[in-house]
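Per the numbering used here, the sequence shown starts with residue 71, numbered consecutively. Even for Gly, the Cβ is constructed at its ideal location relative to N, Cα and C.
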Amino acid sequence: MSLRFDSVSLQLGGTDILRDISLSLAQGEQAALIGPSGAGKTSLLLLAATRYCPSHGSLNLLGDNPWHLSPRWLAGLRSRIGMIYQAAPLPARQRVVHAVAAGRLGQMSGWSALRQLLWPDDTAAILDSLQRVALADKLWQRCDQLSGGQRQRVGIARVLHQRPALMLADEPVAALDPRLADDTIRLLCEEASTHQSTLLVSLHSVELALAYFPRIIGVRDGQIMFDLPREQVHPGVVSALYAGERLREPAEPPAPAASRQDLRC
Ligand SMILES: Nc1ncnc2c1ncn2[C@@H]1O[C@H](COP(=O)(O)OP(=O)(O)OP(=O)(O)O)[C@@H](O)[C@H]1O
């Protein structure tokens, strides 16, 4: 198993965020997390990225329980897990070339990592990753001179460059137009297939999730509501997952003109 959660719960600030999550993904498996805003998708991914430690239960990532490892081994495990964030955490003054190079720093010793960060010598590989997200022309651009969607694609290029065994992505196409979003999800799935990486992606677009992922995991109120092959995710299942999730109910349809006239008479 690449990823295994056993009855995992997460509390933050005294609030239950995730409850009793049991989930496993085999090596090379690809799955999408869907669910309403605030359901807990990001928190689940951050647990899998070892950014959060579970409050209860246990998890196993790439064969290890991260919270039983020494700091050195934990760093080694983290270098094999790639996380694409909704908003890529890129330092404003950093250049794109350095931001992408950072994807492999965890796989190097301290001195080599520092040297690579300052003077990356694998610019051909970095350029290749940027090309795949259509940003080759931005190699030497500063990150604060990019649009939100371009920053998101730099975050994706960084993970492509890292080539992790476990790839996690939190709404990786939130800032992209529909066509780029489609291309990007296809790219992530192809990349994962090519390298036999495990891929877990949260998506707001149910359509994209169903189009590209064989397994769909529905999360609501901090719990897994369903975990199904895509063929079994019929409209009723999706409606139940998102039930009641509206800012406001739609207005009553206007009365037909004739009857309004009748009222005036
Ligand atoms: N650091 C935190 N402290 C307290 N509560 C938090 C913290 N981070 C998230 N939450 C709460 O946890 C719940 C789940 O948040 P999370 O970001 O995981 O949801 P999500 O499904 O990814 O939402 P979205 O689709 O809007 O990104 C939310 O109610 C959120 O307010």
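Residue i Cβ short of 7 Å to ligand 1 heavy atom set
i    : result
I287 : no
L57  : In the structure displayed, the chain extends from 71 to 335; residue 57 sits before or after that span and is not available.
T112 : yes
I255 : no
A279 : no
A109 : yes
T85  : yes
L99  : In the sequence under discussion, the amino acid at residue 99 is Glu, which differs from the Leu named in the question. Every heavy atom of ligand 1 is 7 Å or more from the Cβ of E99, so no.
E241 : yes
S272 : yes
G146 : no
G218 : no
G105 : yes
Endpoints, the beta strand (DSSP E) within which residue i is located
i    : result
Q100 : 100 to 104
H231 : Element bounds for H231: not the beta strand (DSSP E) but the alpha helix (DSSP H), 218 to 232.
H274 : Neither: H274 is in no beta strand (DSSP E) and is coded neither H nor E.
Q81  : 73 to 82
L160 : From DSSP, L160 is part of no beta strand (DSSP E); its letter is neither H nor E.
V289 : 285 to 290
G127 : 126 to 131
A239 : 236 to 240
Q293 : 293 to 299
R212 : Counting along the chain, R212 falls outside any beta strand (DSSP E), and DSSP gives it neither H nor E.
S107 : Here S107 belongs to no beta strand (DSSP E), and DSSP marks it neither H nor E.
D90  : 85 to 95
Short Cβ contact (8 Å threshold) for residue i with residue j
i    : j    : result
D291 : Y155 : no
S275 : T112 : no
V167 : P190 : yes
L11  : M237 : The first residue shown for the chain is 71 and the last is 335, placing residue 11 beyond what the model contains.
I151 : A119 : yes
A251 : L278 : yes
L88  : L114 : yes
L132 : A262 : no
R174 : H231 : yes
V307 : L280 : no
P136 : E315 : no
I226 : T254 : yes
Whole-number beta carbon distance between residue j and residue i, since they are thought to touch under 8 Å
i    : j    : result
L117 : L80  : 6 Å
A313 : R228 : Their Cβ separation, rounded to whole angstroms, is 37 Å, which puts A313 and R228 out of contact at 8 Å.
D214 : R148 : With a Cβ gap of about 26 Å, D214 and R148 do not count as contacting.
L160 : I294 : Actually they do not touch by this definition, with Cβ atoms about 32 Å apart.
Heavy atom of ligand 3 within 7 Å of residue i beta-carbon
i   : result
I91 : Of the ligands this structure carries, namely ligand 1, none is ligand 3.
Limits of the unbroken alpha helix (DSSP H) element including residue i
i    : result
L144 : 141 to 148
S113 : 111 to 118
Q201 : 193 to 202
S263 : 248 to 265
S309 : 305 to 312
Would you call the stretch 244 to 251 and the stretch 215 to 224 in contact, with 3 or more CB pairs under 8 Å? Yes, since at least three Cβ pairs between the stretch 244 to 251 and the stretch 215 to 224 fall closer than 8 Å, the two stretches touch.
Do the stretch 193 to 206 and the stretch 122 to 131 make contact, defined as three or more Cβ pairs closer than 8 Å? Contact check between the stretch 193 to 206 and the stretch 122 to 131: fewer than three CB pairs, one atom from each, fall below 8 Å, which does not count as touching.
Taking 8 Å as the threshold, find out whether the stretch 281 to 292 comes into contact with the stretch 96 to 105 through three or more Cβ pairs. The stretch 281 to 292 vs the stretch 96 to 105: in contact.
Just checking, does the stretch 139 to 151 make contact with the stretch 91 to 98 on the three C-beta pairs under 8 Å criterion? With a cut-off of 8 Å, the stretch 91 to 98 and the stretch 139 to 151 do not count as touching, because too few Cβ pairs lie within range.
Sufficient close CB pairs (3 or more, under 8 Å) joining the stretch 256 to 264 to the stretch 71 to 80: Contact check between the stretch 256 to 264 and the stretch 71 to 80: fewer than three CB pairs, one atom from each, fall below 8 Å, which does not count as touching.
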